[in-house]
Each structure stands twice: as structure tokens, then as C-alpha cells.
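**Q**
4 protein chains.
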Amino acid sequence: MISFTCDYNEGAHPQILSRLMQTNMQQEAGYGDDIFSLSAKEKIRCATGCESADVFFLTGGTQTNATVIDSLLRPYEGVVAVETGHVAVHESGAIEASGHKVITLKSYGGKMRAESLKQMLENFYADPSWQHMVLPGMVYLSYPTEYGTVYMREELQNIHSVCRSYNIPLYIDGARLAYGLAATGMSLSEFATMCDVFYIGGTKVGALCGEAVVFPQGNAPKHFFTLQKQHGAVMAKGRLLGIQFDTLFTDNLYLQLGKHGVDAAMRIKEMFLKKGIPMYIDSPTNQQFPILTQEQIKQLEGRLLFEIWEKRPDGTAVCRFATSWATTEKQIKETEELLNNII
Amino acid sequence: MISFTCDYNEGAHPQILSRLMQTNMQQEAGYGDDIFSLSAKEKIRCATGCESADVFFLTGGTQTNATVIDSLLRPYEGVVAVETGHVAVHESGAIEASGHKVITLKSYGGKMRAESLKQMLENFYADPSWQHMVLPGMVYLSYPTEYGTVYMREELQNIHSVCRSYNIPLYIDGARLAYGLAATGMSLSEFATMCDVFYIGGTKVGALCGEAVVFPQGNAPKHFFTLQKQHGAVMAKGRLLGIQFDTLFTDNLYLQLGKHGVDAAMRIKEMFLKKGIPMYIDSPTNQQFPILTQEQIKQLEGRLLFEIWEKRPDGTAVCRFATSWATTEKQIKETEELLNNII
Amino acid sequence: MISFTCDYNEGAHPQILSRLMQTNMQQEAGYGDDIFSLSAKEKIRCATGCESADVFFLTGGTQTNATVIDSLLRPYEGVVAVETGHVAVHESGAIEASGHKVITLKSYGGKMRAESLKQMLENFYADPSWQHMVLPGMVYLSYPTEYGTVYMREELQNIHSVCRSYNIPLYIDGARLAYGLAATGMSLSEFATMCDVFYIGGTKVGALCGEAVVFPQGNAPKHFFTLQKQHGAVMAKGRLLGIQFDTLFTDNLYLQLGKHGVDAAMRIKEMFLKKGIPMYIDSPTNQQFPILTQEQIKQLEGRLLFEIWEKRPDGTAVCRFATSWATTEKQIKETEELLNNII
Amino acid sequence: MISFTCDYNEGAHPQILSRLMQTNMQQEAGYGDDIFSLSAKEKIRCATGCESADVFFLTGGTQTNATVIDSLLRPYEGVVAVETGHVAVHESGAIEASGHKVITLKSYGGKMRAESLKQMLENFYADPSWQHMVLPGMVYLSYPTEYGTVYMREELQNIHSVCRSYNIPLYIDGARLAYGLAATGMSLSEFATMCDVFYIGGTKVGALCGEAVVFPQGNAPKHFFTLQKQHGAVMAKGRLLGIQFDTLFTDNLYLQLGKHGVDAAMRIKEMFLKKGIPMYIDSPTNQQFPILTQEQIKQLEGRLLFEIWEKRPDGTAVCRFATSWATTEKQIKETEELLNNII
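Residue numbers (our numbering), protein chains in the order written: chain A, 1 to 343; chain B, 1001 to 1343; chain C, 2001 to 2343; chain D, 3001 to 3343.
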């Protein structure tokens, strides 16, 4: 059965597996000092146009968010995120476990608005009891967001500008970065100027696992490695992460995989719209959110896998269809037939 | 150049890579609900003779120790370990980061003695101010230890018995479990009766990454998964861990890899002893600690890689030679020649 | 100048100071083992009608909330509170610092509604990804709330009933408990049946400092004292807390002080209403929130101290006037004159 | 019965109680903004000769240590202390609870040696795996130590000098500072040049509670107040602490109380020595540690209270006799008689 449940249904891009095979018995140092990791870091510096960038490889998203956020905040500071942000909802309290509050702002289709951020910061320091509260110490965005939406150039610039005026870093969670860049057409090097630290998601874009944290200006906090280790986020066989990112950043593969996933998503979206099925949100990325009736859901049951995102009072449900780097032409065609014949 | 620096110099056992290739495009659920993980858990239950065991897969050792320990302790409790234990020294404070003290006992060649443990516990509760101190809430051992030594059946039983009499769980770090079992000849199912929770190390025994936590009596603390997620220790593509452990626990592969590493180590050890080079400790497992002179170290430089473990006042150094599942006949032969010709 | 800024403007009730003087040179054990603390605990057990209650004395509110909450939650659990709750806003992240998320619900005049709580809990466990989220592990209320409002008998019972059906404890912050009881006429022993743990606030009701945590059913978590110590919340000279609570619970003093503060507040409230000044909220306790215009605020400046609680878009401001056990007839009279002559 | 159990057996110095009475109904701001606290801070700046010192008042020792240490360390850093240091043993893991390891050095009669510290730091950075370990981020000493011993000028200078060469702050726990200064004759202003932050203990020197943290060079970490609040260490009625320290730092009272306690201790010590009873350690401060036989202990039972510090294999016990600011001539005389007649 075809699954659009998430963008980590499959293994890895074949080139990655093939590199793993080729290099398997080569003896290399541990903890990221292998030649693959060194090469991958260099390629990422090149792709982001940040020659002095600090780059670190971690295994998964929650771990990466917790480590980066902990590295940037003082104990009395919290991270500002929208209420639907991954760190605010789906990380089992990993941020709080390292002692930090997630300060939430209203979400607009998954996005933060520069004005809300500015207003919150102004109100905070205008409050006479601000010293009894958690200080807003950094801002967290996801790009694309958990709702598939994505910030336009100007939106990012405005948020970054508010951050700078309060001297707090902007951190972008790029778990699905390739899909966001494909949707907006922004280059990785332009993106890298829009924030103070971000991560390039591998897990959802062709890797078995792995996220690459980038401090574009070589601005990693001191002893980031030790903090990474403390968070259980240093892989002994760092080569596994090095080889994967080295492959993803060879011949532009990472961005191509992003484009592949977004193209597939646009075709799926088109199919729903043609059938008169409304979309919950106008997502330009690899996650699409059609609103299906209970009958439609029943008809698809057993033929297509996807996620029920949110049940609505009127009996319909927001559903999530996630394409990815791995979505095949065959899967799209079969989905089209299914939708045509059934709904 | 041949490296004995550590037991994670290579990639994975070829069967693992080949399984990854075969299953790569099969769509599977995330977070450990894939069929490989389910199958691997069943095989581990079978191999440990614990049919109701709770099994969880995590990525690396530090992360696993931090998660298990945090799951077993109350905030006012600490974990008892020898002063050379991995959690006490080489995890960048991961245990303390989750709020818990590591209470240290003297190490005897890397091992804890049941009597020291008993004495400490007796003294603790005899101290009138014990309520102002960190309560000893569990015991941590590594098997084999960081010095390659390994507990005999009776030693483990004695420690476990002290734990039981104080009603505190015994946790065994099995980062190199296969090498320990190969050295002692203990079966996995017997081992599983010796403690309350342990982990089966994959990273150092043929996997790319991965450790399998086993609660033999189905005694996992409630909501262990959520805590695992909070520690950034849940892999989105859980299949990567599932496939590896499923392979390692097919046809007894895990134990065979352990035997392979230990056999190689015994041959290396023999070579040193033949040359009259003393061993720092009599290790029956895959880590060997010859004491080399500065001249001997210089002679090997550029021909053989290994770790300087500890420099000694007399100018000699304790060196670590780690063999593994991946050590080849060729490497052993070449090492023999090197040692014969040079030292 | 008369100050209604807060309910901790003065020192202590004279009987407390006089007891401190009388007993000053009597040698007593530290850490709460003095005879005053033992006597005070017994009197609290009597006043609450809970003869097997566990009682602990701590110094201040934030410390008490952090300790109690940490003692009741597992690391993957959070505390549910309204968004205006003290633990959610004004404790500088003390709850998060011990690793726990504050899960917020909408506030209705400072109060939580049983239905909101029920709805949230139902939604939580209906969400297929609940294991990736922070589990709601307990409920926090303040009585009276930060807005001076107070739960009626039935409201408390309904919330407690939801808690019980989900098997999570209900904790009530009684920083101003005496004022709440005076307003509702509920007895302390009835109140004690409405929750699983609460604290009796001393600091705002006549003590120099001190809060008494009560586990009515003798249901204190094991080793609460050690956790209290870990939170820096054990006073070496426990006698200071013991003497104060022993005095407050002699001849019903605590409840009388509450009544005194509420009577004063009702008179102040009446004055504002007579002058046609609207109240932001209909508070029956010692905190009153008149909505003043900028002109009124200017007229009072330099004559009366109070807090600007919230500036409103129309130029008016919600102001807080807090009376207390210490408010004098003279202060009330002078305030009346001021309001009559000026506004 | 006379008690030498500890130096917090009594209430407060009478002048403190009398100031509390006089000022009781004066309305003052909360959280340390009262005029007493402001005055006390100024007097402490004067007494320490540090006109730009940052001064903060907290309630107790454990709380103070936890807050100061948390304010100075980054998450991957630990605090270095001797193995008998208060933070290492008797704070129920308060330091670890805020995420930091206590790195222990051998204790020499309760004291740290500059050479041990230097050696540890050298070894640490010489260890190739130091990035996998907890970084030594600051040094903690107590003055006097838990064994009544006290650092001489040069010893402190040497330790401070090692700290400076590694660029890590030196923090001194002055729970019993007055007794230490009385013993060494060092002035408070000289003492203030010997470290980067220290606290002046009130609880054990005449206050009901209260410790004053001093950053002599105005070098308090940013937002120390907010961190203090997070640690539950801000007193709502800050006046209680302000009045006490204002009194203690009027007319040199603090130092006089220290001298009084030490004088009493010297007389007690003399009595033991005259009777041929050996002292466990040669303490020049208010804690004395005679080694008593079981028979001697039995003879004193029911007549004199003191602490059994450590039972020894030969049946004797190290006992602690603590004098204080409150020890009376009558108590000393009676003790003398008791010792003469009984032992």
C-alpha cells in the first residue's frame, strides 16, 4: 500500500547506501574526525557560501534542537516559538528538560509574524516585573513550518531584524529545509544570511539519519562539541553522518531531492483541487493538507496511508499527505487513479 | 595504516549493509513501529530467554546511559559507579545534566567490588545526616569494564544481591557486551538474570550505530518511550536500528562477532607477552593494555595506530589496543611482523 | 505615604515578633526538628482536620511551588495551569529549571474551568502522537487566583473530579489562602478535602516568611525532605518557621488575619464603586482591581501607592490595590478622604 | 541542657530582633528594594572596601551555593571542590540538580591544596579526551572549612593564582566567615581581594537566616536577580534580610560575633587538651573536634549535647563541639565543671 504518512517512510538515497558500501572497511577516527565528515563540512561551507562556518553533525531533530537551544541560552532565558512549533509541542519537553521555557506566540498557518515578536518583546521589557519572568533569549522558527508553509524572504528578514534589535539570536529548524528552498527558490547561501544558526535536515531528505548544524559566521558557542556530547548527540561512528552529508552535498543532490519532493506534492495537490477537495492551508512544500469527509477517508482506507491531522467539528478532517525525495512516478499515478475512481 | 585505536573504526558488518540495501525502498512506519524493529525485539527476547522483556533501541552509549538512568531515578537519587566508569568520566556530565549525581566507589581494575558497595550503603544510612545527601538510587556497572576486565558470575551475583537487599536496581552498560560474553562464556540468557536492566551494544559490535536496552522482566518504567524522546534518543527512521539488531540477532551473529574480536585480542596479547612486554591489566576481552616504553611507542609510530591511555611517571605508557568484530587475519599477521621486527 | 502595592509591605504580626523574642535564646535543633515546628505541624493537622497530614515548612512561594511540583512529577510530565498562573508567568522559569513544562489553559478571570481541563485531557490522549508530547502530570491552581477571584466549592470539586478520573494530583497554591477562605467562608478542613496537596501561605498573611505545605492524607512523596533540601528550601533555623506557624495557628489567628484583610478590601472596593469607578474583575478577596483613568492615576500619585497592573488601549489602566492583615483603620479612612477629595 | 550541636541552636542577636520590632509596621517595597536592604548593601560595600561590589541577599547556604554556582557555569562545566566540601556532600545534590558536576579533589583537613588543583587542571587539558569530560569551570572553597580549619593568606593567594591562570573564578562559601576572619585576623577587605565571589554567612553568625553574596568587583553575572528568583531564593519580604545585615554591619557587630564564638571555642579546646583529650584536627575556629572514648561519650550523655562526627575503628569517635556568637559565659563554665567532674 502506498504511504504518504510521513517523509521518512523509506531508507536512504541509493547513492548514500552505495557510498556506505564502498567505504565500509576503511578505518577512520571516531566522533566526527573521519575524512568523510571533514569533507562534508567543507562542502557545506561551500554550498552555504560561508567559508568560516562552524558545522556539526547530529543524529535527529529533537536532539539537535535541544542541543542548539541549550548552547545559546543562559539558564534564565527561554526560546520564543509559535505555539505550533516542533519544540513547543512534539519533543516531549526536551527543551524544558534542559531547563528552558518555550515562550509561545500565536501561529499564523504555522508561521511567526515579525510584528507579534516585536510586540511581545516590547511588552516584556515594559512590564515592571520582567525580572521575575523568563527572559526571551532567542527565537526559533521552522522552515518550512509544521504546516508546510514557508517564510518569504522579507518575512525572514523582518524577523531577523527584530532579533538583532534585541540582540537575540535567530535559529531556524531546517528539518525539511530542502523542500522549503525548492518552494521559495531561495539559495542556500542566501538563506544562510537570514539567521544566526540553522540546521540542514538530512533525515527527511534522503539520509538514514542526520542533521547538520551550521553557525554561518563561525559563531558556534565555545565548547559546542562537549555540550553535544552531554546531550548524547555525538555519534561514535561519525563517519555515518559524514558520508551521508558528503553525498547529499555532492553535485547538488540535496537541493535536487528537495525539488523532487515538492514537484510530487504539487501534483498531488492539483489532483485534490481538481476533485473539488479543499486544502486546509495553501502549502507550497512537500506536505499537503486536504480536508476530507469521513466518507472520503473511508474510501481511501486500506488503499492509501496518510495522517489524520485534526478532526473538525463538522465531521471532516484535515489530513496530511507528505511526499518526499522518494516518492515515485508510479505512486503518483496510482494515487491519481485511486482519487479518480473512488472519491 | 592498521588501526587498533578503538572498536568503532570501521562501518558495519556486511550483512547489515546488505539488509539495508534490500529493504531500502520498503515503506515503513517511523519511531520504531517498523516491522524490522518488531522482529528484532522478538529475537532479542528469544536470545535473552526473557519472553516478556521490554526492548528499546537507542543510537549511542551516552544517550542510552542518560536515558536509562534518568528513567530509574527520582530527582534526589544518584547512580553509584566506580570512579573510572564511563558515566563518571567520559560523558561530559550527561548524567548530571539530567539532575543526578554520580556517586563514585574505588575501582579495582575497572570493576566494582560488592563489599565496597555494601560498605558504602551501610555507611550512608548510618550517617545521621543522610537525608541531606544524595540517595544511592541505582548501581551502574560496565561489562566488560573500561579496562577490558569483566565480572565473573559470582561477582555479578554478589553485587546484584547487595542491590536487591537495598531495593535499588542494577544497570549494566553492555557497550561491548558481546566481547564480555565471549570472554566469560556466559550465555545472554544467564546474563539477563544478573541485573534489572542492561543494554546490548551495537555500535562497537558490528552496527553503524545502535544500542538495545533490555528490561528483562518487562520492568520498563512507565512511558519510557516519552522519556527516550525527551532525551533526543528516538530515531525517526527506527528501521535503521531495527534492521541492524534484527541482523545481529539472526543466526547468532552478535555473539560470533564478539568471539571474533576476543580471539583476535588474545593473539595480540600473546604477541606482546612473547616479546616480554607487560600488560597493565590482565584483560580477557577485546581491549588490551600493554605497557610500552617511549622507544617502543616511537618505533610503532607511523606504522600502527593505538591509544596512549595513561602516561606513567617512569616514562612508560599504558597503551590501548582494541580489536573488534572487524579485525582481519591480515591485520593480525602484519601486526605480528611489525612487533617482531621492530620492538 | 499609604501603600496598597502588595500584601507584603509590612513585617510580621506582633504576636509573632513577641514569640520570637520570648524564645530567642532557647537552644533548639535545626532543620525543622525544633519543638515549635513540631507543635505547629500538630496545630495545622488539627486545623485542617487531617490528623495524618504530612506538613513541611518552606520559605517562599516560588520555592514551594518548584519543590512540590518537582516532587510529584516524573521527568516526562508537566503541570497544567492557567496562562495567568503564578508558575506560568512570575517564577522566572523555576518550574522549567527543574525540567518540567507548564502546560497552559485559558484563564477565566484567573480561574481554570473544569471543562477546559477535561477537554484538554481528552484531546491529549486522543492525539495519536501523545507519546511525543509532555504528559499532563498534575494540575496547579491558585486560591485565590492572581486576579483576586476564588473558586466556589463546586468549581473546585469539579476540577478535582476531573483530576481523579485521570489519576493526576491537584495542587493548590495558597499564597493568600486565608483571604480566599474568608471570602468563601469555606473552612480549612473542608478545603483540605478538595485537593491532594496545598500550601498555607504565611508570607502574605502575617508572617515574615514561610509557607506550610500540607499533604492532607499523609501522602507526601517519599524523601520529600531531601528534595526540599535539594531545592535550597530547608531553613537551618527551622524554628523561625515553626514559631511563626505555631503562632498563626493558635486561637485561629490565621483565619482572623484573612478576614481582616478581606473586610478592608471590601471597604476599599465600596469606595471605588461609589465614585463610579469600575472594577476590572469582581474580586471578593484582598486584591481589588479598579480601572482608573490617567488623570485619576496622576491625582493619586504621591499620595497613595498601588500597582499599575495592565495598561489598556483606551488609556485607562487596571490597577491593583492589595489590602492585608496589616491594613489599619487609619489607612482606610485616609484613603476614603483621598478618593473623595481628589477623584 | 547545654547544646554545642551546631552554631544555629539559638534565634538571632537581640539587636536584630529589636530592629525588627522597631521597623515592623513601616511599609516597604518587596524583593530587596526596601531601604534596609539598600542600606545594608552599602555597609557591606564599605566593610569590604569594594565600593562597586554587587551584593545580593539570599536565605540559606545550599540555596546560595546552588544559585551562585549556576550563575557562573556554562552547562558543560562543573565546580571543583574538595571531597568533603559542603557542595560535594551535604546539599542533597543541589548542584547536580542544576545540571553541574562537582569535581572533587582530595581534602587535607577540609582544605584544598593549590598544587592539587594545578595538577588536576594540567592533567585535564593534557588528556586527549578532555572534550568528552566535564570542564572545570570554577573553584569552590569554604572558609573556614567543614572541619573548622581555615586557609592562611598565602594558601588562598596560591589557589586564586591557579584559578586566574586558567581563567576560572574562585568562589568562597563563607557560611562561617566571621569565625574564619576572627581566627586568621584577616580583614574583610583583604579577604575580598582573595576571590571572585563569596558569601557572608548570616545564619550561623547571629541572624535568623540570610547570606549576603558579594561580587567584589561589581562582577555579578547579568540578570543574577532573575536566576536567584528561579532558584526560589528571592525573599518577598526582603526587609527581613536587609534589617539583619544592616544590623550585623553596624558598629562592626558581625566581626565581634565571630570573635566571641572563636574565643569561646578556644576555651573549650583548652579544657579538652588539659584533660588529655586529643583533638582530631587543630581547628582555630568555632568548631572543635575532640576524640572521645565511648565511655566519655556516655558520661556526657544527658548533660551536654554535641554531634558524633565520625565513628572510628578503635571505638573512639570524632565529636563536634560548635560554639557561636550566642555561647554564654555560663555555658562555658558549666561545661568546664562537667568535664572536670566527669571525664
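Beta carbons are placed, not taken as given, at the ideal position from N, Cα and C, and that holds for glycine.
Around the C-beta of GLN1022/B, are 16 or more other C-beta atoms found within 10 angstroms, so that it is buried, or is it exposed?
**A** Counting Cβ neighbours within 10 Å, GLN1022/B comes out exposed, since fewer than 16 surround it.
**Q** Taking the alpha-carbon positions, what's the ASN1123/B to LYS1237/B distance?
**A** Straight-line Cα distance between these residues: approximately 47 Å.
**Q** By the criterion of Cβ-Cβ separation under 8 Å, what are the contact partners of VAL2134/C in chain A?
**A** Simply SER92, GLY93 and GLU96.
**Q** How big is the Cα-Cα spacing for TYR2031/C and SER3018/D?
**A** In a straight line, the C-alpha of TYR2031/C is about 24 Å away from that of SER3018/D.
**Q** Anything in the segment 3208–3234 of chain D with a Cβ closer than 7 Å to a Cβ of chain E? List those residues in chain order, please.
**A** Absent from the structure is chain E; the protein chains it does hold are A, B, C and D.
**Q** Along the chain, where does the alpha helix (DSSP H) that runs through CYS1163/B open and close?
**A** First-last of the alpha helix (DSSP H) with CYS1163/B: 1153–1166.
**Q** Check the Cβ of GLY2099/C against every Cβ in chain A and list those closer than 9 Å, keeping chain order.
**A** Ordered by position in chain A, the residues that pass the 9 Å Cβ test against GLY2099/C are GLY93, GLU96, ALA97, SER98 and GLY99.
**Q** According to a CB-to-CB cut-off of less than 8 Å, which residues of the segment 1009–1036 of chain B neighbour chain A?
**A** The segment 1009–1036 of chain B vs chain A, Cβ under 8 Å: ASN1009, GLU1010, GLY1011, ALA1012, PRO1014, LEU1017, LEU1020, MET1021, THR1023, ASN1024, MET1025, GLN1026, GLN1027, GLU1028, ALA1029 and GLY1030.
**Q** Going by DSSP, name the residue or residues bridged to ARG320/A.
**A** GLU307/A, per the DSSP bridge assignment.
**Q** Beta-carbon of LEU3240/D versus every beta-carbon of chain C: anything under 7 Å?
**A** LEU3240/D counts as touching chain C.
**Q** What does DSSP give as the partner residue(s) for PRO3290/D in the beta ladder?
**A** Partner(s): MET3279/D.
**Q** Going by alpha carbons, who is nearest to SER1965/C out of HIS2132/C, THR2062/C, ASP2070/C and ASN2252/C?
**A** Only positions 2001 to 2343 of chain C appear in this structure, which leaves residue 1965/C out of reach.
**Q** Check the DSSP bridge columns for ALA1081/B and list the partner residues they point to.
**A** Answer is THR1104/B, bridged to ALA1081/B.
**Q** Closer than 7 Å by C-beta to PRO3221/D: which residues in its own chain qualify, once you throw out the five before and the five after it? Chain order, please.
**A** If we look at PRO3221/D and ignore the five residues flanking it on each side, its Cβ neighbours are SER3071 and LEU3072.
**Q** Cα separation between ALA66/A and SER129/A?
**A** Looking at the two C-alpha atoms, the distance is approximately 28 Å.
**Q** Using a Cβ cut-off of 7 Å, pull out every chain C residue sitting near VAL89/A, in sequence order please.
**A** Neighbours of VAL89/A on chain C, chain order: MET2133.
**Q** Can you name, in chain order, every residue of its own chain whose Cβ lies under 8 Å from the Cβ of VAL214/A, other than the five neighbours on each side?
**A** ILE44, THR48, CYS50, ALA53, ASP54, VAL55, ALA192, VAL197, PHE198, TYR199 and ILE200.
**Q** Mind the definition here: the segment 3300–3310 of chain D touches the segment 3231–3247 of chain D only if three or more C-beta pairs lie below 8 Å; say whether that holds.
**A** Contact between the segment 3300–3310 of chain D and the segment 3231–3247 of chain D is absent, because fewer than three Cβ pairs lie under 8 Å.
**Q** By the 7 Å beta-carbon criterion, what residues does the segment 2112–2134 of chain C contribute toward chain A?
**A** Residues passing the 7 Å Cβ filter: SER2129, HIS2132, MET2133 and VAL2134.
**Q** Along the chain, where does the beta strand (DSSP E) containing GLU3350/D start, and where does it finish?
**A** Any answer about residue 3350/D is impossible in this case: the structure gives chain D only from 3001 up to 3343.
**Q** If you draw a straight line from the alpha carbon of SER1324/B to that of SER1142/B, how long is it in whole angstroms?
**A** Cα to Cα, the separation comes out at about 17 Å.
**Q** Does the separation of the CB atoms of TYR3076/D and GLN63/A fall below 7 Å?
**A** Contact: no.
**Q** Considering only C-alpha positions, which residue in the set HIS100/A, LYS41/A and GLN157/A is nearest to ARG113/A?
**A** Of the candidates HIS100/A, LYS41/A and GLN157/A, the one whose C-alpha sits nearest the C-alpha of ARG113/A is GLN157/A.
**Q** What whole-angstrom Cβ distance do GLY315/A and ASN286/A have, given they're in contact under 8 Å?
**A** Actually they are not in contact, since the Cβ atoms of GLY315/A and ASN286/A sit about 28 Å apart, beyond 8 Å.
**Q** Using DSSP's beta-bridge definition, name the partner residues of ASP3034/D.
**A** Answer by DSSP bridge pairing: none, since ASP3034/D is not bridged.
**Q** Do VAL89/A and ILE95/A have their C-beta atoms closer together than 7 Å?
**A** It is not a contact, given that the beta carbons lie outside the stated cut-off.
**Q** Could you work out which residue in ASN2341/C, VAL2205/C, LEU2248/C and GLN2288/C is closest to ASP2007/C when comparing CA atoms only?
**A** That would be VAL2205/C, whose Cα lies nearest to the Cα of ASP2007/C.
**Q** Going by DSSP, name the residue or residues bridged to SER1142/B.
**A** Answer by DSSP bridge pairing, in chain order: ASP1173/B.
**Q** Could you confirm whether any beta carbon from chain C is found closer than 7 Å to the beta carbon of SER3142/D?
**A** No, its Cβ sits nowhere closer than 7 Å to a Cβ of chain C.
**Q** Between the Cα of GLY1185/B and those of VAL1087/B, ARG1164/B, ARG1153/B and GLU1146/B, spot the shortest distance and give me the residue it belongs to.
**A** Comparing Cα-Cα distances from GLY1185/B to each of VAL1087/B, ARG1164/B, ARG1153/B and GLU1146/B, the minimum goes to ARG1153/B.
**Q** Pick out whichever of GLY3202/D, ALA3264/D, PRO3169/D and ASP3034/D has its Cα sitting closest to the Cα of GLN3217/D.
**A** When each option's Cα is compared against that of GLN3217/D, the closest is PRO3169/D.
**Q** So, helix, strand or coil for ILE3343/D, using DSSP?
**A** Correct three-state label for ILE3343/D: coil.
**Q** Against LYS1237/B, what residues of chain A qualify as contacts under a CB-to-CB distance less than 8 Å, listed in chain order?
**A** Near LYS1237/B (Cβ distances below 8 Å), the residues of chain A are TYR8, GLY11, THR203, LEU208 and CYS209.
**Q** Express the C-alpha separation of ALA3029/D and THR3327/D in angstroms, rounding to a whole number.
**A** Straight-line Cα distance between these residues: approximately 35 Å.
**Q** What are the partner residues of GLY3201/D, as DSSP defines its beta bridges?
**A** Answer by DSSP bridge pairing, in chain order: GLU3211/D.
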